[in-house]
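Counting in the working numbering, the sequence shown tops out at residue 287, every number present.
Here a beta-carbon is modelled for each residue, glycine too, at the ideal position from N, C-alpha and C.
Data block below; observations after.
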Amino acid sequence: MHAAPPTNPPSHATSTLVALPAFNDNYIWLLHNGEQAWVVDPGDAGPVLQALQQWQLRLTGILVTHHHADHVGGIAALRQHLHGPVYGPARENIPSPYLALRGGDVVDVLGMQFRVIDVPGHTAGHIAYAQQGEATRPLLFCGDTLFSAGCGRLFEGTPAQMASSLALLSALPADSQVCCTHEYTLSNLKFAAAVEPDNADVLHHTRHCQALREQGQPTLPSSLALERRINPFLRCSEPAVVAAAQRQGATNDDAVAVLAALREWKNRF
Ligand code: ZN
Ligand code: FE
Numbered sequence: 019m020h021a022a023p024p025t026n027p028p029s030h031a032t033s034t035l036v037a038l039p040a041f042n043d044n045y046i047w048l049l050h051n052g053e054q055a056w057v058v059d060p061g062d063a064g065p066v067l068q069a070l071q072q073w074q075l076r077l078t079g080i081l082v083t084h085h086h087a088d089h090v091g092g093i094a095a096l097r098q099h100l101h102g103p104v105y106g107p108a109r110e111n112i113p114s115p116y117l118a119l120r121g122g123d124v125v126d127v128l129g130m131q132f133r134v135i136d137v138p139g140h141t142a143g144h145i146a147y148a149q150q151g152e153a154t155r156p157l158l159f160c161g162d163t164l165f166s167a168g169c170g171r172l173f174e175g176t177p178a179q180m181a182s183s184l185a186l187l188s189a190l191p192a193d194s195q196v197c198c199t200h201e202y203t204l205s206n207l208k209f210a211a212a213v214e215p216d217n218a219d220v221l222h223h224t225r226h227c228q229a230l231r232e233q234g235q236p237t238l239p240s241s242l243a244l245e246r247r248i249n250p251f252l253r254c255s256e257p258a259v260v261a262a263a264q265r266q267g268a269t270n271d272d273a274v275a276v277l278a279a280l281r282e283w284k285n286r287f
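Structural data, given as C-alpha cells:
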C-alpha cells in the first residue's frame with residue numbers, strides 16, 4: 019500500500035481515527051481531535067510527519083504495544099516533534115525515555131481513558147490498550163496479538179499465554195473497534211476458511227474485504243463481535259475448530275492444545 023494518508027480522515031464519535039499505512043502491511047493508528055494527535059506503534063516516522071503536516075496537528079503522545087522494530091522504529095525521529103509522553107510496556111525494552119506500563123494501569127489519551135492489558139504471547143511483555151467508559155464502539159489497540167481473523171506468531175510466548183491473552187481481549191465489549199497493526203486480513207481469512215469451510219461469516223467477510231482491498235481501503239478496524247464469528251483463534255472451543263485442530267495433530271480438545279495446533283498449522287499454511 020502507498021503511504022499517503024487519505025485526504026478526509028473518517029470520523030470517530032469523540033475524535034478522529036486514521037490508519038496510516040506504513041512499510042508493506044503495517045498500520046500506524048493516529049487519533050486526533052483536530053489539534054492534538056496521538057499515534058500507536060510508529061514503526062516509521064515518515065507517514066506520521068506527513069499526516070501531522072497535512073492536517074496541522076501537534077503530536078502529543080505515543081502508545082507502544084511491543085518492542086519489535088516495525089512498531090518502535092520511528093520513535094527517535096518523532097521525539098523532536100513530540101509534546102508529551104511515550105508510553106510502552108514495562109517488561110520490554112523500547113527506545114528510552116518512556117513511561118513504563120503494566121496491566122491495570124490507565125492512561126489518558128485526548129480525554130479518553132485507556133486501560134492497559136498484559137497480553138504476552140507474540141512477545142513476552144506485549145500490552146494492549148482498551149478504551150474505558152461509556153463510549154460506544156470503544157477502541158482497542160492490540161498490536162500484533164489479535165489480528166482480524168488471526169493472531170500474532172508466538173515469538174516469545176507459549177500457546178497457553180496466547181490463549182489467555184486472546185481470552186482477555188475477546189471478553190471486552192462486543193462493539194470494540196479492533197485496531198490491529200497489520201493488514202493480514204485476507205490471508206488470515208484464507209486460513210480461517212481452511213479451518214472452518216462451512217463458516218458462512220468467513221466467506222461473506224472475505225468477499226467484503228476483497229472489495230475493500232481492491233479500492234485500496236483498510237479492512238480495519240474490525241469489531242470483536244465479528245472476530246468472535248470469523249477468527250479461528252477466538253473459536254478454539256467450537257466443535258468444528260476443535261475437529262480441524264485434531265486433524266492437524268492436536269492431542270486433546272482443550273483450548274490451549276487447539277490454539278497450539280492452529281498456530282503451528284498457520285505457520286506452514
Ligand atoms: Zn510484532
Ligand atoms: Fe508487527
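Within the stretch 171-212, note down every full alpha helix (DSSP H) run reaching 4 residues or more, in order along the chain.
177-188
So, under 8 Å CB-CB, Glu214 and Ala263 are touching, yes? Tell me the CB distance rounded to an integer number of Å.
In fact, because the Cβ distance is near 11 Å, the residues do not count as touching under 8 Å.
Identify whether Val137 lies in helix, strand or coil by the three-state DSSP scheme.
Val137 falls in the coil class under three-state DSSP.
N- and C-terminal bounds of the beta strand (DSSP E) containing Gly64:
First-last for Gly64: Ala63 to Gln72, but that is the alpha helix (DSSP H), not the beta strand (DSSP E).
Hey, is His226 close to the ligand FE, as in C-beta under 6 Å from one of its heavy atoms?
Taking non-hydrogen atoms of the ligand FE into account, the C-beta of His226 is found less than 6 Å away from none of them.
Rank Gly170, Leu242, Gly129 and Gly121 by C-alpha distance to the C-alpha of Tyr147 and give the top, closest one.
Here the closest residue by C-alpha is Gly121.
What are the start and end residues of the alpha helix (DSSP H) that includes Gln228?
Judged by DSSP secondary structure, Gln228 falls within the alpha helix (DSSP H) whose first and last residues are Ala218 to Glu232.
Taking just the CA atoms, how far does Ala108 sit from Cys169?
22 Å
Report all residues from its chain with a CB closer than 7 Å to the CB of Thr25; omit the five preceding and five following residues, and keep chain order.
Low per-residue confidence applies at Thr25: pLDDT is 48, beneath 50, and the placement is therefore not dependable, though the value from the model is reported in the following sentence. Counting only Cβ-Cβ distances below 7 Å, and skipping sequence neighbours, we find nothing.
Exposure of His86, with buried meaning 16 or more beta-carbon neighbours within 10 Å:
buried
Residue from Ala210, Leu77, Val36 and Pro177 with nearest C-alpha to Glu245
Ala210
Inter-residue spacing [alpha-carbon to alpha-carbon] between Pro27 and Leu35:
Unreliable placement is indicated for Pro27, whose pLDDT of 45 sits below 50; the coordinate value is still reported in the next sentence. If I take the Cα positions, the gap works out to 7 Å.
Just the C-alpha distance for Ala153 and Arg265, rounded to the nearest angstrom, thanks.
Within the model, the alpha-carbon separation for Ala153 versus Arg265 is close to 42 Å.
What's the C-alpha gap between His30 and Arg231?
Only weak support exists for where His30 lies, its pLDDT of 44 falling under 50; the value from the coordinates is given anyway. Cα to Cα, His30 sits roughly 21 Å from Arg231.
Cutoff 6 Å; reference Cys254; Cβ partners in own chain excluding five residues on either side:
Ala273, Val276 and Leu277
Who are the near neighbours of Leu128 in its chain, counting only those whose CB is closer than 7 Å to its CB and skipping five residues on each side?
Ser33, Leu49, Asn51, Gln54 and Trp56
Within the present structure, is the beta-carbon of His86 separated from the nearest heavy atom of the ligand FMN by less than 6 Å?
The ligand FMN is not among the ligands present in this structure, which contains only the ligand ZN and the ligand FE.
Measuring from the CB of Asp162, is there a heavy atom of the ligand FE at a distance below 6 Å?
Within 6 Å of the C-beta of Asp162 there is at least one heavy atom belonging to the ligand FE.
Rounding to the nearest angstrom, what Cα-Cα distance links Val90 and Val137 in this structure?
18 Å
Indicate the three-state DSSP secondary structure (helix, strand or coil) for Asn44 in the structure shown.
strand
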